[in-house]
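J.: Starting off with a structure, shown below.
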Amino acid sequence: VGGNAIVSTIVAGSASGGIENANVNINIEGGTVTTVIGGNQGFTAVKSPYSGTTKIEVSGGTVGDIYGAGTGRNASIPTYLGNLDIKVSGGKIKNIYGAGSAAFVKSEEDTMSSVRISAQGGTIGNIYAAGKGNENGVSLYKDESTNYTFAEETTPEKFGSLTGSASITVGGSAIVEENIYASGSGDSGTITGYDGDGLKSNAYLKGTAEITVNGGTINGSIYGGGKGIAQSGYEECARVDTGSTVKIAIA
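Following our numbering, the numbering of the sequence shown begins with 1 at its first residue and continues without gaps.
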């Protein structure tokens with residue numbers, strides 16, 4: 001994407017269904033892009049797993065939110081298995097969420113997923129290694145007499161969570177206007193048709209995260225955890241899970 005282009009949404013994978021062994025490159029050199037999705041976008045109750053590699057590079061232009069692992073819709077919650085690289089050398093981005101929005105970065109016994117975010121230029125609002133714990137399009141409502149159900153692997157407890165490794169590097173002339181988080185961002189909203197407590201304990205990191213700052217400007221703070229919810233019952237939201245490791249290095 002470049003020049004004066006105006007784009008609503010870029011989806012690396014599928015808007016309904018799964019993708020296997022992907023090798024996707026998204027380059028934004030100019031223009032305006034509202035949303036970039038590095039994995040799949042869910043739809044109805046269709047399973048939407050994504051496996052492979054996604055590389056997102058932003059060198060110019062204006063970007064709204066980058067949702068690395070995908071975004072959920074209805075009862076379809078994407079999973080991401082593989083390697084995700086996001087590199088920023090220019091332009092302006094509102095937020096980067098490594099684990100997407102109501103999506104889940106998973107790892108398996110023989111495949112450890114990784115999320116790598118590097119900013120050497122440009123301006124970014126917030127950077128989250130993990131993701132958002134909910135998404136406006138998520139709903140179990142199907143029709144007046146029927147509700148969808150979430151798949152066992154992608155219940156609300158997993159939304160916006162990252163199991164694997166994450167790294168965030170800031171240097172050069174990059175500017176982070178607000179904060180950097182080693183985990184995700186909690187959400188105190190609701191899901192139509194769902195009455196469980198899963199949203200109170202999601203957007204977590206389970207694995208390792210490294211945050212390295214060797215240049216650039218950070219106007220806010222660096223957090224070794226996530227952006228939780230200051231309400232009773234949300235104590236496990238946006239957490240760093242037991243046994244995980246977070247390292248922060250400032251040169």
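Ideal Cβ positions, reconstructed from N, Cα and C, are used throughout, including at glycine.
Under the rule that 16 or more other beta-carbon atoms within 10 Å means buried, what is N126, buried or exposed?
T.: Working through the sequence shown from its first residue, we reach residue 126 at position 126. It is buried - the Cβ of N126 has at least 16 other Cβ atoms within 10 Å.
J.: Could you tell me if D65 is buried or exposed, where buried requires 16 or more neighbouring beta carbons within 10 angstroms of its beta carbon?
T.: In the sequence shown, counting from the first residue as 1, residue 65 sits at position 65. With 16 or more other Cβ atoms within 10 Å, it is buried.
J.: Just to confirm, are I273 and A174 a CB contact at a threshold of 9 angstroms?
T.: Since the first and last residues shown for the chain are 1 and 251, residue 273 lies out of range.
J.: Is the closest heavy atom of the ligand FMN to the C-beta of T146 under 8 angstroms?
T.: The ligand FMN is absent from the structure shown, which contains no ligand whatsoever.
J.: What is the DSSP secondary structure of T190, reduced to helix, strand or coil?
T.: Counting from 1 along the sequence shown, the entry for residue 190 is found at position 190. Secondary structure of T190 (DSSP, three-state): coil.
J.: Taking V63 as the reference, which of G122, Y128, E157, G226 has the closest Cα?
T.: Locating residue 63 in the sequence shown gives position 63, where the first residue counts as 1. Checking every option, the nearest Cα to that of V63 belongs to G122.
J.: Determine which residues share a DSSP beta bridge with P49 and list them.
T.: Taking the first residue of the sequence shown as position 1, residue 49 is located at position 49. Partner(s): T79.
J.: What residue does the beta strand (DSSP E) around Q231 start on, and which one ends it?
T.: Translated into the one-based positions of the sequence shown, residue 231 becomes position 231. Where Q231 is concerned, there is no enclosing beta strand (DSSP E), given that its DSSP letter is neither H nor E.
J.: So if DSSP puts T253 in a beta bridge, which residue, or which two residues, is it bridged to?
T.: One cannot answer for residue 253 here, as it falls past the ends of the chain, which runs 1 to 251.
J.: Would you list the residues sitting across from D110 in a DSSP beta bridge?
T.: One-based indexing of the sequence shown puts residue 110 at position 110. Beta-bridge pairing links D110 to no other residue.
J.: Which residues does DSSP pair with K92 in a beta bridge?
T.: The residue given as residue 92 occupies position 92 in the sequence shown. DSSP output for K92 lists T62, T123 as bridge partner(s).
J.: For the structure I just gave you, are there three or more beta carbon pairs, one from the segment 108-118 and one from the segment 139-155, closer than 8 angstroms?
T.: no
J.: Which class does T163 belong to by DSSP, given the choice of helix, strand or coil?
T.: As a working mapping, residue 163 is identified with position 163 in the sequence shown. Residue state, collapsed to three classes: strand.
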